[in-house]
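J.: The structure's right below; bear with me while I get my questions together.
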Amino acid sequence: MTSSPSPVVSARKLGLTFQTGDGPVHALSDVDLEVAKGDFVSFIGPSGCGKTTFLRVVADLEKNTSGEITVNGMTPEEARKARAYGYVFQAPALYPWRTIEKNIALPLEIMGHAPAERAERIERTLDLVNLSGFGKKYPWQLSGGMQQRASIARALAFDADLLLMDEPFGALDEIVRDHLNEQLLKLWAATQKTICFVTHSIPEAVYLSTKIVVMSPRPGRVTDVIESTLPRERPLDIRETPEFLEIAHRVREGLRAGHSYEE
Amino acid sequence: MSYLLRSWQGAVALLLCLLALTQLPLLGPEAPLPVGSGATSVILLLIAGGALASFLPIPSAALAAILFVAAHGAAWLLIGSVDGNEGHAGSAFFLLVAASWLLGWRCITVLADIEPNGRAAETVLRLLIPAIFGAWILILWEAGTRGAGVPFILLPPPSAIGERIGNSLPILAADVRQTIFKAVLFGYVVGCAAGFAVAILADRVTFLRRGVLPIANLMSALPIIGVAPIMVMWFGFDWQSKAAVVIVMTFFPMLVNTIAGLGAAGAMERDLMRSYASDYWQTLVKLRLPAAMPFVFNALKINSTLALIGAIVAEFFGTPIVGMGFRISTEIGRMNVDMVWAEIAVAAVIGSVFYGVVALAERATTFWHPSNRGG
Ligand SMILES: Nc1ncnc2c1ncn2[C@@H]1O[C@H](COP(=O)(O)OP(=O)(O)O)[C@@H](O)[C@H]1O
Ligand SMILES: [Mg+2]
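So, in structure tokens, the structure goes:
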């Protein structure tokens, strides 16, 4: 475990149990994890293993029922109120009554940025996600991939250092996905952000991450944490190198050990 | 056979013409002003000509024009022929009215199949088709009531209603001013605004949410014929008591729809707001109200009709001597049914315009909603 002096996310014995009609669901149990500044951490595991729940606890959209967690050294609630993170949901969740640029302006309006600065940031983030020129379109006039890129732009607009992404490309086809992964890496290199990224694709996790967190369900827990040995600079064809395949193999082993893919 | 199928309306119209030929003359033997054979042959020629044209491979626009002239020209002459002969129409008259109606139908069918090139043409077509449709309701009504001599009290012909409207413009204007521009508009604006405001209040304050819905529900169940006289006692005979009835009627639909609408925003969209640490009012204004707009407009549309009905009916329970409801209730007592129909016609037009304005505002506001997006 690489523990830099002040981790961005630090969880100790973190647990979350949902009380449901059919009894308690242990969505997370005994999760120990540190995410250092500048890390790109992927969470991988079969559905129901608590990936989304972990991200939501970090984001203070869900409260842990046991253990401890800090975000930027604060409680998740304090971190949320300090606008410490941008969250990219599984679906774009763009507001259909706002144009793309108005959607990106939304967090800026709420956080009280001046109009001139809003315009400047909108332009910059649209450029970051390669959507320049689409600002005046409505979300429903764009393809699914473009919508998801717009939602990433929205999360980037207010310059939070932490980006939480929950299967952002899950609904997209592989060609679009490859392209977006490449763009995401460039963006990460350009902005120096810390990224927590949920996926259930092994190649995606290995290609993107500096650190891969393998999880398993019932109860949701971390079974393996793999530090990537790949360089930070990653062309798409790095995915054919032996080193890449070796890491992918370890992830697959980790998933199998967690008795995963039975559902 | 397929030749006939190209225009079954034309084929039937021709058959009706032949049948009418065996039943001539147009009017019964006691008709005071018999129709000359010249006028009758013009009518027959118009209908037969239009019907035959409908089989020919003529360009749609030209065919529609021919059918339009034939159908409406024949109808015009037919209705003219019963002028002064009310109640003396023979079966030939009705057969020919039916035949020209079929040509009008064919005309609409041809128009509906035209692919408009350009926006202007599209707009013209969109207006023309319902206009012809509406005109034929009036034509059949006119020909039926006057040809068969339906008693005026039961159903006056539209021409008589139109004449009454033309002769009573000052009275109608005064009634509209009293009922629409005072009672309806004031009641509608206040009732809708109050329903909207209370919905937001109930959303903000938990204990109100529990209490307000059952009470509002009770209010909506109050019968208008009970509420109206009470409002007259409270607020006097003038328009204020009618506005109060309208407020009572429009409050509840707006309240219920707004409450439903405030719950319409999705969980993810709300989480997004939470992730920005957005406060209650920011979330309300930037997410929940826009998402509620389709519901709010639903209430505005329902209320546009309710307000009109409420104000008119409320005037049955005491008013100064002006107002649409007052006019209807007194003129029916005097057997002046044409005036009653004139008020009904005015109310129908105003109601449609009112609804149309709200619907246009809706289209402009909720253009983003999947049901409005279009191309
Ligand atoms: N709000 C909730 N109420 C009850 N159970 C939940 C809730 N959210 C998630 N769960 C349960 O917690 C477990 C983990 O869910 P989740 O974090 O969404 O998994 P993943 O994202 O890895 O697919 C699942 O069994 C899921 O059914
Ligand atoms: Mg999930």
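These protein sequence lines map, in sequence, to chains R and L.
UniProt numbering applies: residue 1 is where the first sequence begins, and numbers increase by one.
UniProt numbering applies: residue 1 is where the second sequence begins, and numbers increase by one.
Heads up, the beta-carbon is just placed ideally off N, CA and C, and yes, glycines get one too.
#1: Should Lys-51 (chain R) be listed as close to ligand 1, given that the test is whether its C-beta is under 6 Å from any heavy atom?
#2: Taking the beta carbon of Gln-141 (chain R) as the centre, do at least 16 other beta carbons fall within 10 Å, making it buried, or is it exposed?
#3: Let's test the definition: count the other Cβ atoms within 10 Å of the Cβ of Pro-231 (chain R) and tell me whether it reaches 16, buried, or not, exposed.
#4: DSSP state of Thr-67 (chain R), grouped into three classes?
#5: Run through the stretch 176-244 of chain L for me and flag every whole beta strand (DSSP E) of 3 or more residues, listed as ranges in chain order.
#6: Give the interface partners of Ser-278 (chain L) over in chain R, defined as CB-CB distance under 8 Å, in chain order.
#7: Could you spell out the range, first to last residue, of the beta strand (DSSP E) harbouring Tyr-85 (chain R)?
#8: Would the stretch 29-43 of chain R and the stretch 184-198 of chain R be scored as touching if the rule is three or more Cβ pairs under 8 Å?
#9: Ligand 1 and Gly-48 (chain R): does the residue's C-beta get closer than 6 Å to at least one heavy atom of that ligand?
#10: Which term fits residue 272 (chain R), buried or exposed, when burial requires 16 or more other beta carbons within 10 angstroms of its beta carbon?
#11: Among all the DSSP beta bridges, which residues are the ones paired with Glu-34 (chain R)?
#12: Is there contact between the stretch 351-362 of chain L and the stretch 288-304 of chain L, where contact requires at least three CB pairs shorter than 8 Å?
#13: Leaving out five residues on either side along the sequence, give the residues of the same chain with a beta carbon under 7 Å from the beta carbon of Phe-326 (chain L).
#14: Hey, out of L:Leu-27, L:Leu-127 and L:Gly-80, whose CA is closest to Ala-89 (chain L)'s CA?
#15: Indicate the three-state DSSP secondary structure (helix, strand or coil) for Thr-17 (chain R) in the structure shown.
#16: Since Tyr-95 (chain R) contacts Glu-269 (chain L) with CB under 8 Å, what's their CB separation in whole angstroms?
#17: In angstroms, rounded to a whole number, what distance separates the CA positions of Met-273 (chain L) and Arg-164 (chain L)?
#18: Confirm the yes/no value for this check: CB of Ala-27 (chain R), any heavy atom of ligand 1, distance under 6 Å.
#19: What residue range does the beta strand (DSSP E) around Met-268 (chain L) cover?
#20: With a cut-off of 8 Å on the beta carbons, I'd call Thr-17 (chain R) and His-26 (chain R) a contact; round off their distance for me.
#21: For a cutoff of 7 Å on Cβ pairs, would you count Tyr-207 (chain R) as touching chain L?
#22: Between L:Ala-183, L:Ser-37, L:Ser-278 and L:Ala-51, which has its C-alpha nearest Val-12 (chain L)'s C-alpha?
#23: Quick check: is any heavy atom of ligand 1 less than 6 Å from the C-beta of Thr-20 (chain R)?
#24: Check whether the Cβ of Glu-122 (chain L) lies closer than 7 Å to any Cβ atom in chain R.
#25: May I ask you to check if the CB of Leu-172 (chain R) is nearer than 6 Å to at least one heavy atom of ligand 4?
#26: Using a Cβ-Cβ cut-off of less than 7 Å, give me the residues of the stretch 136-163 of chain R that come near chain L, in sequence order.
#27: Starting from Phe-68 (chain L), trace the alpha helix (DSSP H) in both directions and tell me its first and last residue.
#28: Residue 380 (chain L) by DSSP, collapsed to three states: which one?
#29: If you check the beta carbons only, do Leu-164 (chain R) and Leu-55 (chain R) fall under 7 Å apart?
#30: Verify the CB distance criterion: does Leu-14 (chain R) have a CB-CB separation below 7 Å to chain L?
#31: Which partner residues does Thr-227 (chain R) have in the DSSP bridge list?
#32: Taking DSSP's pairing of strands, which residues face residue 386 (chain L) in a bridge?
#33: Do you know how far the Cα of Ile-259 (chain L) is from the Cα of Glu-263 (chain R)?
#34: Using the beta-carbon of each residue, which ones in chain R are nearer than 8 Å to Leu-287 (chain L)?
#35: Specify the secondary structure class of Gly-144 (chain R) as computed by DSSP and reduced to three states.
#36: Taking the continuous beta strand (DSSP E) assigned at Phe-43 (chain R), which residues delimit it?
T.: Let me lay it out:
#1: Yes, Cβ of Lys-51 (chain R) sits closer than 6 Å to a heavy atom of ligand 1.
#2: A residue is called buried once 16 or more other Cβ atoms fall within 10 Å of its Cβ, and Gln-141 (chain R), having fewer, is exposed.
#3: Result: exposed.
#4: According to the sequence as given, residue 67 (chain R) is Gly; it is not Thr. Strand at Gly-67 (chain R).
#5: With a minimum length of 3 residues, there is no unbroken run of beta strand (DSSP E) contained wholly in the stretch 176-244 of chain L.
#6: Near Ser-278 (chain L) (Cβ distances below 8 Å), the residues of chain R are Ile-110.
#7: That run of the beta strand (DSSP E) goes 85-88.
#8: A contact exists between the stretch 29-43 of chain R and the stretch 184-198 of chain R.
#9: Correct: Gly-48 (chain R) has its Cβ closer than 6 Å to ligand 1.
#10: Outside the modelled stretch of chain R, which goes from 1 to 263, sits residue 272 (chain R), for which no answer is possible.
#11: Answer is R:Ser-10, bridged to Glu-34 (chain R).
#12: Taking a cut-off of 8 Å on C-beta distances, the stretch 351-362 of chain L touches the stretch 288-304 of chain L, as three or more cross pairs fall below it.
#13: For Phe-326 (chain L), same chain residues with a beta-carbon under 7 Å away, outside a window of 5 residues either side, are Glu-315 and Thr-319 in chain order.
#14: If we check each option's Cα against that of Ala-89 (chain L), L:Leu-27 comes out closest.
#15: Note: Thr-17 (chain R) maps to strand in three-state DSSP.
#16: Contact flag correct, Cβ pair sits at about 7 Å.
#17: Rounded to whole angstroms, Met-273 (chain L) and Arg-164 (chain L) show a C-alpha spacing of 60 Å.
#18: Distance from the C-beta of Ala-27 (chain R) to the nearest heavy atom of ligand 1 is below 6 Å.
#19: Not the beta strand (DSSP E): Met-268 (chain L) falls in the alpha helix (DSSP H), residues 267-275.
#20: Contact annotation, Thr-17 (chain R) with His-26 (chain R): C-beta distance approximately 5 Å; criterion of less than 8 Å satisfied.
#21: It does not: the Cβ of Tyr-207 (chain R) has no partner Cβ on chain L nearer than 7 Å.
#22: With distances taken between CA atoms, Val-12 (chain L) lies nearest to L:Ala-51 out of L:Ala-183, L:Ser-37, L:Ser-278 and L:Ala-51.
#23: Checking the Cβ of Thr-20 (chain R) against ligand 1 gives yes.
#24: No, because no Cβ of chain R sits closer than 7 Å to the Cβ of Glu-122 (chain L).
#25: The model depicted lacks ligand 4 and carries ligand 1 and ligand 2 instead.
#26: Contact residues of the stretch 136-163 of chain R toward chain L are Tyr-138 and Trp-140 (C-beta to C-beta distance below 7 Å).
#27: Following the DSSP letters along the chain, one finds Phe-68 (chain L) inside the alpha helix (DSSP H) bounded by residues 60-81.
#28: No answer is possible for residue 380 (chain L): it lies beyond the span of chain L, which begins at 1 and ends at 375.
#29: Yes, the pair counts as a contact, with Cβ atoms nearer than the cut-off.
#30: False, the Cβ-Cβ gap to chain L never drops below 7 Å.
#31: The amino acid occupying residue 227 (chain R) in the given sequence is Glu; Thr does not appear at that position. Beta-bridge annotation (DSSP): Glu-227 (chain R) is paired with R:Lys-211.
#32: Because chain L in this structure spans residues 1 to 375, residue 386 (chain L) falls outside the shown range and cannot be described.
#33: Caution applies to Glu-263 (chain R), whose pLDDT of 44 falls short of 50 and renders its modelled position unreliable; the model cannot decide the point.
#34: Tyr-95, listed in chain order.
#35: Three-state DSSP puts Gly-144 (chain R) in a helix.
#36: Looking at the DSSP string, the run of the beta strand (DSSP E) that includes Phe-43 (chain R) is 40-44.
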